[in-house]
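What follows is a set of notes on a single structure, which appears directly below.
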Amino acid sequence: MSTTLKDRLAAIAPGALGGIRRGIEKEGLRVLPGGGLALTPHPAALGSALTHPLITTDYSESQLELITGVHQGVQDCLHELTEVHQFVHRTLKEQGGELLWASSMPCGLPTDETIPIARYGGSNIGRAKSVYRMGLGHRYGRRMQTISGIHYNWSLPGVTSEQYFALIRNFRRHAFVLLYLFGASPALCPCFVQGREHALQTLSPHALYLPHATSLRMGRLGYQSDAQALLAVSYNGLQGYADSLHEALTQPYPAYEALGIRNPGGDYNQLGTSLLQIENEFYGLIRPKRTVYTGERPLHALRERGVEYVEVRLMDLDPFVPVGITAPTMRLLDVFLLHCLLEDSPPDTPAEIAELKRNQHLTAERGREPGLLLQRNGQAVPLTEWGDEVLAACEPLAAALDATHGTQDYSAALRDARALMAAPERTPSARVLDSITGAHQGRFEDFARQRSVQAQDALLALPWTDAQQARFTALAEESIAAQKAIEAADTLPFEQWRERYMAVESLGS
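When the letters of the sequence shown are read in order and numbered with this note's numbering, they come out as residues 52 to 560.
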């Protein structure tokens, strides 16, 4: 460990390591018992997707997003995530036996235009959320939006915006480690790429794959866009980051201008014609975030009050566990993020940004390939060698977190990760492929459906009290009342509201 890293670890205020806070947002498709996409509306018993604090929808009406609060303890966070899953699975089971899809790559999908866009009621904000999703469908296709993942939100007390950006730069440099260790989407249903060019190989008539892929979700087939490839966002500080985002949010893009905000019949195609409709459209491995006030734009919040936490966005769902993530994985993320924060973090350059994008695609598509070389400052370096260097440098940080929490769990999680770096055949992506080719005769959907059924069975078997049921029922009822109140309070016509929300002034300066 370099002296600088030692010094920075020592300089963290006493008790601050115990103040790490994390929260989880986990997406998952609702599917029919047979495995096809459920085209039913968001179940009313789950509450309002607009206002429920723990249960909402992501892109599609069929795509749930389960959210935890902010927690100081890993187990507390996991406990809440499990509890939300229990309520959702119980509700789905009672209402026709739908499942929550256990894989990041989607189930059998209908035609693109049949995938239902999420609905949030008649309020201006609710309508805007649906119009935004309509725009995403026009821009990238609806199928791409049905990919699901886990977002890990993380903060440490006393960290400045400048330090968070240093963390983000290092995270992007070393993101390949997490893709290799936790990628779990090496194969997919052929329906996902119907009509698209791709370089996937045929595993069987029922699955396409790449033999050494870790996370097709994070490769060229996942959240990618030719338009966004034009964005050269710098992470060298809040000002530069905000300026590049500002430009993307205000710069007209010819293809989107041609589409127009409304169609000839008057229905909305999208919220705006710029390269990004709103901030959330920017796809990144990790994002700087700040809690927004009602009606406030995220970029305005960042500019006004700085970075509050980071959102890690590259984690696939772990199909081998009922809630998609384990406590050891969360602890490894804590150690990894702490390393990104404390390690030297030189400014990024356009050349490095291009190099990191290539490394991401190589790892996503070929990460388990023996001897795979990545680029580090223009030099070729074996993925596993570089990955082990990064993990070895994390050891003192794992020890410090263990000392803080009176445990050995962080060091154990790191030890397991280092062992996995040397054993690609034991990674989640390798295990997924083994299971598809072995137990499921090359059928991706059969594999994912079985994992989904097993997850539901495991969660329904856990204890569940009348008090828990009452609390979640009350939350659902309160959220429905809150949505009605928002709808009743609206005074502006939607177009006027949209123009005001999309105005350049709302982005701050």
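For every residue, glycine included, the Cβ atom is placed at its ideal position computed from N, Cα and C. In this text, all values refer to a predicted model and were calculated from it rather than measured experimentally.
Secondary structure at His202: strand, using DSSP grouped into helix, strand and coil. Cβ atoms of Gly86 and Arg409 stay farther apart than 8 Å, at about 35 Å. Residue Glu76 holds the alpha-carbon nearest to the alpha-carbon of Thr133 among Cys158, Leu384, Arg184 and Glu76. Checking the DSSP bridge columns, you'll see Ser111 partnered with Ile168.
Comparing alpha-carbon positions, the option among Glu528, Thr455 and Gly172 lying closest to Leu101 turns out to be Gly172. With contacts defined by Cβ atoms closer than 8 Å, Ile219 and Tyr286 form a contacting pair. Across the set Ala293, Ala402, His456 and Ala443, the C-alpha of His456 shows the shortest separation from the C-alpha of Gln126. By alpha-carbon distance to Arg338, the top candidate from Thr301, Glu347, Leu353 and Thr345 is Leu353. Straight across, the Cα-Cα distance linking Thr400 with Gly559 is about 26 Å. DSSP, read as helix, strand or coil, puts Arg193 in helix. A check of alpha carbon separations from Pro421 across Ser206, Ala264 and Leu259 identifies Ala264 as the nearest. For Tyr360, the enclosing beta strand (DSSP E) starts and ends at Tyr360 to Met366.
The bridge partners DSSP lists for Ile106 are Leu117. It is roughly 52 Å from the alpha-carbon of Leu448 to the alpha-carbon of Glu546. Burial state of Asp109 is buried, judged by a 10 Å Cβ sphere holding 16 or more other Cβ atoms.
For Glu78, the closest alpha carbon among the candidates Asp58, Leu239, Trp152 and Asn204 is that of Trp152. Beyond the five residues adjoining it in sequence on each side, Val361 comes within less than 8 Å, by CB distance, of Asn204, Trp205, Ser206, Tyr215, Leu218, Ile219, Phe222, Ile337, Arg338, Pro339, Lys340 and Leu388 in the same chain, given in chain order. In this chain, the beta strand (DSSP E) harbouring Leu259 covers Ala258 to Tyr260. Between Pro94 and Gln137, the C-beta spacing is not below 8 Å.
Under a 10 Å Cβ-count criterion, Glu394 is classified as buried, with 16 or more other Cβ atoms of the shown protein chains found around its own Cβ. Selection Asp497, Gly438, Gly98 and Arg356 evaluated against Val135 yields Gly98 as nearest (Cα-Cα). By the criterion of a C-beta distance shorter than 6 Å, Gly357 is surrounded in its chain by Ser212, once the five residues flanking it on both sides are discounted. In the structure shown, the three-state DSSP call for Gly559 is coil. Among the bridge pairs identified by DSSP, Tyr183 is matched with none. Per DSSP, Gln547 is one residue of the alpha helix (DSSP H) stretching across Phe545 to Met553. Taking C-beta separations shorter than 6 Å and ignoring five residues to either side along the sequence, the partners of Ile537 in its chain run Ser174, following chain order.
DSSP places Thr162 outside any beta strand (DSSP E), giving it a letter other than H or E. Straight-line spacing of the CA atoms in Ala378 and Leu129 works out to 7 Å. In the DSSP assignment, the residues bridged to Gly87 are Gly159. Restricted to the segment 335 to 410, the alpha helix (DSSP H) segments that are unbroken, complete and at least 4 residues in length are 349 to 356 and 378 to 393, listed in chain order. When the Cα atoms are used, Ser236 and Gln411 turn out to be separated by approximately 14 Å. Here DSSP, grouped into helix, strand and coil, assigns Glu332 to helix. Between the alpha carbons of Gly288 and Trp515 lies a distance of about 47 Å.
Per the C-alpha coordinates, the member of Ala64, Arg190, Val244 and Ile198 positioned closest to Met366 is Ile198. Residue range Leu289 to Thr301 is occupied by the alpha helix (DSSP H) that includes Ser295. Ser295 and Val504 have their alpha carbons spaced roughly 44 Å apart.
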